[in-house]
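Residue numbering for the sequence shown follows the numbering used here, beginning at 193 and increasing consecutively. Ideal Cβ placement from N, Cα and C applies to all residues, glycine included. Worksheet: one structure, shown below.
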Amino acid sequence: MPQFNDTELTAAVIKSFEDTPNPRAKFLLQELVKSLHEYVRKTDLTFEEWDYAIDFLTRTGQKCTPIRQEFILLSDVLGVSMLVDAVNHRERDGATETTVLGPFYVGEHKETPHGTDISATLEGERMFVQSRVTDLKGKPLAGVPVDVWHADDDGFYDSQKPTYATQGPSSRARFITDADGRFFFRTILPCSYPIPTDGPAGEMILQVGRHAMRPAHVHFLVNAPGYEPLITHVFIEGDKYLDSDVVFGVKDELVAHIEKRTDPLMPDGKPAPTPWHLMTYEFHIKPGQGMAPKPLMAASEDA
Numbered sequence: 193m194p195q196f197n198d199t200e201l202t203a204a205v206i207k208s209f210e211d212t213p214n215p216r217a218k219f220l221l222q223e224l225v226k227s228l229h230e231y232v233r234k235t236d237l238t239f240e241e242w243d244y245a246i247d248f249l250t251r252t253g254q255k256c257t258p259i260r261q262e263f264i265l266l267s268d269v270l271g272v273s274m275l276v277d278a279v280n281h282r283e284r285d286g287a288t289e290t291t292v293l294g295p296f297y298v299g300e301h302k303e304t305p306h307g308t309d310i311s312a313t314l315e316g317e318r319m320f321v322q323s324r325v326t327d328l329k330g331k332p333l334a335g336v337p338v339d340v341w342h343a344d345d346d347g348f349y350d351s352q353k354p355t356y357a358t359q360g361p362s363s364r365a366r367f368i369t370d371a372d373g374r375f376f377f378r379t380i381l382p383c384s385y386p387i388p389t390d391g392p393a394g395e396m397i398l399q400v401g402r403h404a405m406r407p408a409h410v411h412f413l414v415n416a417p418g419y420e421p422l423i424t425h426v427f428i429e430g431d432k433y434l435d436s437d438v439v440f441g442v443k444d445e446l447v448a449h450i451e452k453r454t455d456p457l458m459p460d461g462k463p464a465p466t467p468w469h470l471m472t473y474e475f476h477i478k479p480g481q482g483m484a485p486k487p488l489m490a491a492s493e494d495a
């Protein structure tokens, strides 16, 4: 009979998963047990600390809704999201760098005509985004859906506002690349913003003295058949939080120079307010497979 003490307990728990039918599930569970038990032993975890951890995770789950994923946010601020991304994208072969999905990929990404102002109802400095999707050899890829979303000039995503339920999405849309792999749209210049601090993840950040800020960026999800889905951001050059992103998501290649312009016309020939900003970025994707994530509300409806 095993003695369930601090030296024999781990082996007994690992052995309890020995008959797990799925080899991968067996491996993941046994490695999880090893890591968790080692953490408890290494830290001499107290009952009070264990109880706090249970309460913290319980409150994290309770904070989740169809338009808010507190566990993703917690994963982000602990660097786990970026680590999972890194180990799954070690070999880029010239493809655009990836980064975190974030907790605000929610709601509808409606197919939208090129040139649409996706932030037409919002205040802020206007920006024109022109982009292109190619393969690794520079061949343009037509008919590729690209989801875009970003925060407003106050640092809030549409789903964080009380008006979301009645007015629906803003600063998010889906564009389909044209024959030359291009897509373009109007919006506002995003700003740096704090992650939500009214839940357990934010509580932890504030208690340990870390700042809660993310540098300004626009999210893109490129999902072409026959290619690996690309989940990434384009960051705004010069943002003061580029070197200290609270979710560790910045990569040099993803920082874009945004031109401040005074031209009377935007690149599509339509009148421009003065001044305005121009973001230009080209995405390169690699052949492969993978399942792109669904927006939170769509995923919740399918469940």
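### Query
Excluding five sequence neighbours on each side, which residues of the same chain lie with their C-beta closer than 7 Å to the C-beta of R233?
Result list for R233: D198, in chain order.
#### Entry: Spatial neighbours of A404 in its chain, beta-carbon cut-off 8 Å, leaving aside the 5 residues before and after
The answer, listed in chain order, is P386, I387, T389, G394, I397, L398, V438.
### Query
Alpha carbon to alpha carbon, what distance is there between K452 and H306?
Distance between the alpha carbons of H306 and K452 is about 21 Å.
### Task
Output the boundary residues of the beta strand (DSSP E) element that contains A365.
Counting along the chain, the unbroken beta strand (DSSP E) around A365 starts and ends at 364-368.
### Extent of the continuous alpha helix (DSSP H) run through V269
Segment 262-269, the alpha helix (DSSP H) holding V269.
### Task
Look at the alpha carbon of P417 and the alpha carbon of P337, and state the distance between them as a whole number of angstroms.
Rounded to the nearest angstrom, the gap between the Cα atoms of P417 and P337 is 10 Å.
### Message
Using the Cβ count rule (16 or more neighbours within 10 Å means buried), how would you classify H167?
### Response
Residue 167 is absent from the model: the chain starts at 193 and stops at 495.
### 9 Å Cβ cutoff met for T291 and K443
Taking 9 Å as the cut-off, the beta carbon of T291 is found closer than this to the beta carbon of K443.
### Query
Taking only runs of the alpha helix (DSSP H) that begin and end inside the segment 390-427, which ones reach a length of at least 4 residues, in chain order?
Runs of the alpha helix (DSSP H) inside the segment 390-427: 392-399.
### Pair within 9 Å by beta-carbon distance, D460 and W468
Taking 9 Å as the Cβ cut-off, D460 and W468 do not qualify as a contacting pair.
### Task
Please determine, among H411, T355, I380, the residue with the shortest C-alpha to C-alpha distance to R366.
It is H411 whose Cα lies nearest to the Cα of R366.
### Query
Using the beta-carbon count (16 or more within 10 Å), is L228 buried or exposed?
Exposed, by the Cβ-count rule.
### Query
So what does L470 bridge to, in DSSP terms?
Answer is F320, E451, bridged to L470.
### Query
When you compare only the Cα positions, how much space is there between Y419 and L488?
Rounded to whole angstroms, the gap between the alpha carbons of Y419 and L488 is 23 Å.
### Inter-residue spacing [alpha-carbon to alpha-carbon] between Q322 and T369
Straight through space, the alpha carbons of T369 and Q322 are spaced by roughly 11 Å.
### Query
Is there contact between the segment 277-286 and the segment 342-353, where contact requires at least three CB pairs shorter than 8 Å?
In short, these stretches do not touch, since the Cβ pair count stays below three.
### Query
Where does I380 fall in DSSP's three states?
The answer is strand: DSSP assigns I380 an E or B state.
### Message
I want to see whether chain D comes within less than 9 Å of M458, judged by CB atoms only; does it?
### Response
Note that chain D does not occur in the displayed structure, where there is just one protein chain.
### Message
So, under 8 Å CB-CB, L434 and P407 are touching, yes? Tell me the CB distance rounded to an integer number of Å.
### Response
So it is a contact: roughly 5 Å between Cβ atoms.
### Task
Give the single residue among A334, S384, I310 whose Cα lies nearest to the Cα of N415.
For N415, the nearest C-alpha among the options comes from A334.
#### Entry: 6 Å CB neighbourhood of P421 in its chain, flanking five on each side removed
Only residues of its own chain outside the window of five on either side were considered, and among them N415, G482, A484 have a CB closer than 6 Å to the CB of P421, listed in chain order.
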